[in-house]
Amino acid sequence: MNYNKKVLITGGAGFIGSHVVRLFVNKYSNYQIFNLDALTYAGNLENLKDVENASNYSFIKGDITDEAFIEALFEEHNFDSVIHLAAESHVDRSIKDPLAFVKTNVIGTMVLLNAFKSHSGGNYDGKLFYHISTDEVYGTLGDTGLFTEHTPYDPNSPYSASKASSDHFVRAYGETYNLPYVITNCSNNYGQNQFPEKLIPLFINNIINNKALPVYGDGNYTRDWLYVKDHAIAIDLVFHKGKQGETYNIGGFNEWKNIDLVKLLCQQMDVKLGRSEGTSEQLITFVKDRPGHDLRYAIDASKIKTELGWEPSVTFEEGLKKTIDWYLDNGTWLDHVTSGQYQSYYQKQYN
Ligand code: NAD
Ligand code: TYD
1135 MNYNKKVLIT GGAGFIGSHV VRLFVNKYSN YQIFNLDALT YAGNLENLKD
1185 VENASNYSFI KGDITDEAFI EALFEEHNFD SVIHLAAESH VDRSIKDPLA
1235 FVKTNVIGTM VLLNAFKSHS GGNYDGKLFY HISTDEVYGT LGDTGLFTEH
1285 TPYDPNSPYS ASKASSDHFV RAYGETYNLP YVITNCSNNY GQNQFPEKLI
1335 PLFINNIINN KALPVYGDGN YTRDWLYVKD HAIAIDLVFH KGKQGETYNI
1385 GGFNEWKNID LVKLLCQQMD VKLGRSEGTS EQLITFVKDR PGHDLRYAID
1435 ASKIKTELGW EPSVTFEEGL KKTIDWYLDN GTWLDHVTSG QYQSYYQKQY
1485 N
């Protein structure tokens, strides 16, 4: 088969990456999709069972920080485009082990940029480096205002500092070497296949198992939540229609204080599990706050809406119901990812 594009997706076995891989493999039979992933604790090939035998899909196990390996991979495949999602992605882990975040998020991105640059030989026709970033690079908002594409970077956690650094390098390669790039900064995602260390899947898993729901501080922290499949749709759109050298913010227009979100989740879980009203809320436990905890994130997604016509298609109530149903129907997936290493992480983080 002659493909008209060879697309390298990094981190495709993770949460968001697996939704992007699935969308691209199914939608673009004329693209050859390569999924490069180191399969860290957060990467799981079970996320991609339904596409693993597709003829336009290949999985490559490898580490983006391994320079010789990445150079050889680009030499072999001469990718047209990279959609770069591989990262260490959890703020709490970044507080415990910041260097791991510098290695993957900063050095790994640099290694990919260098390979992309050197194997293009200065001819960037039809090429694109698409870097996936986060709204957390903008730091924190007070009670009002929204992050726009012009908000100055002001990261507060080792995670967001490492993502900010990688964004700067991507932009610098654009300015210095004319490398064609686009960056998107997205708000908090939720949905199927998210590793149960992030708020929503962690709390779903704990409610199922009647375990405490550890709300940090007073719970009055605000996040802007987006259904992961809507993020994947936005990535597809920006990949094909986004203007090179531009940044687009992606968000759900959907702000929730943690405590209100947790209460909604508890109510929905009680209904799904046939428990009497108020049962799950009794599991809420206020615990020691996260150091450097950003008060509020909220995205102004009007640029991507006006210029590319994207907006979220799934309401939060709908998305949350679909998410809960998925976790309840996929107990084996949950059992697999929460066995072994997960237990020791949990002990260290919450005890
Ligand atoms: P995730 O932690 O679920 O998945 C990350 C994937 O990257 C995993 O499959 C892991 O195995 C892989 N990986 C990690 N280190 C690697 C390495 N050195 N080499 C190769 N692969 C490696 O993360 P996610 O939530 O899917 O996030 C994906 C991207 O989107 C990240 O860049 C993240 O910063 C960004 N993002 C996430 C959110 C969110 O709410 N989850 C929001 C905005 C942006
Ligand atoms: P999280 O899902 O880790 O995403 P991020 O830190 O990238 O926004 O956390 C979302 C919010 O939930 C954040 O304000 C921290 C809070 N939180 C808790 O209160 N308890 C927890 O156990 C976790 C993991 C998060």
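Using this note's numbering, you'd call the opening residue of the sequence shown number 1135 and step up by one each time.
A virtual CB, placed ideally from N, CA and C, is assigned to each residue, including glycine.
All figures in this text were calculated on a predicted structure; none of them were measured in a lab.
{"Query": "Look up residue 1140 in the DSSP assignment and say whether it is helix, strand or coil.", "Result": "strand"}
{"Query": "Looking only at C-alpha atoms, which of 1483, 1306, 1360 and 1415 sits nearest to residue 1322?", "Result": "1360"}
{"Query": "Which class does residue 1357 belong to by DSSP, given the choice of helix, strand or coil?", "Result": "strand"}
{"Query": "So does the region 1346-1353 actually touch the region 1308-1319, counting three or more Cβ pairs closer than 8 Å?", "Result": "no"}
{"Query": "Under DSSP, the alpha helix (DSSP H) around residue 1150 begins and ends at which residues?", "Result": "1149-1161"}
{"Query": "Report the residue from 1278, 1379 and 1220 whose alpha carbon sits nearest the alpha carbon of residue 1198.", "Result": "1220"}
{"Query": "Could you tell me which residues DSSP pairs with residue 1171 in its beta bridges?", "Result": "1195"}
{"Query": "Specify the secondary structure class of residue 1166 as computed by DSSP and reduced to three states.", "Result": "strand"}
{"Query": "Along the chain, where does the beta strand (DSSP E) that runs through residue 1418 open and close?", "Result": "1418-1421"}
{"Query": "Given that a residue counts as buried once 16 or more other Cβ atoms are within 10 Å of its Cβ, and exposed if not, what is residue 1363?", "Result": "buried"}
{"Query": "Kindly examine ligand 1 and report whether one of its heavy atoms sits closer than 7 Å to the Cβ of residue 1454.", "Result": "no"}
{"Query": "How long is the line joining the alpha carbons of residue 1528 and residue 1280, rounded to whole angstroms?", "Result": "Coverage of the chain is limited to positions 1135 through 1485, which leaves residue 1528 absent and any answer about it impossible."}
{"Query": "Count the other C-beta atoms from every protein chain shown that fall within 10 angstroms of the C-beta of residue 1260, then say buried if there are 16 or more, exposed otherwise.", "Result": "exposed"}
{"Query": "For residue 1289, which option in 1474, 1273, 1186 and 1354 has the closest C-alpha, if you only look at C-alpha atoms?", "Result": "1273"}
{"Query": "Do residue 1141 and residue 1520 count as a contact pair if the criterion is CB distance below 8 Å?", "Result": "Shown here, the chain extends from 1135 to 1485; a query on residue 1520 therefore has no answer."}
{"Query": "In whole angstroms, what separates the C-alpha of residue 1489 from that of residue 1410?", "Result": "Outside the shown range of the chain (1135 to 1485) lies residue 1489, about which nothing can therefore be said."}
{"Query": "Please determine whether the Cβ atom of residue 1226 lies at a distance below 7 Å from any heavy atom of ligand 2.", "Result": "yes"}
{"Query": "Tell me, to the nearest whole angstrom, how far the beta carbon of residue 1326 is from that of residue 1460; I am working on the premise that it is less than 8 Å.", "Result": "4 Å"}
{"Query": "Taking 7 Å as the limit between beta carbons, can you name the residues of its chain near residue 1181, skipping five residues before and five after?", "Result": "1147, 1152 and 1327"}
{"Query": "Rounded to a whole number of angstroms, what is the C-alpha to C-alpha distance between residue 1233 and residue 1299?", "Result": "13 Å"}
{"Query": "Does the region 1371-1387 come close enough to the region 1475-1482 to have 3 or more Cβ pairs within less than 8 Å?", "Result": "no"}
{"Query": "If you reduce the DSSP assignment to three classes, tell me which class residue 1233 lands in.", "Result": "helix"}
{"Query": "What is the C-beta distance between residue 1448 and residue 1350, in whole angstroms, given that I count them as a contact (C-beta under 8 Å)?", "Result": "Not confirmed; about 27 Å, so no contact."}
{"Query": "Give the list of continuous beta strand (DSSP E) stretches no shorter than 3 residues that lie fully inside the region 1365-1411.", "Result": "1381-1384 and 1389-1391"}
{"Query": "Report yes if the C-beta of residue 1334 is less than 7 Å from at least one heavy atom of ligand 1; otherwise report no.", "Result": "no"}
{"Query": "Please determine, among 1200, 1258 and 1265, the residue with the shortest C-alpha to C-alpha distance to residue 1237.", "Result": "1200"}
{"Query": "Could you tell me whether any non-hydrogen atom of ligand 1 is closer than 7 Å to the CB of residue 1441?", "Result": "no"}
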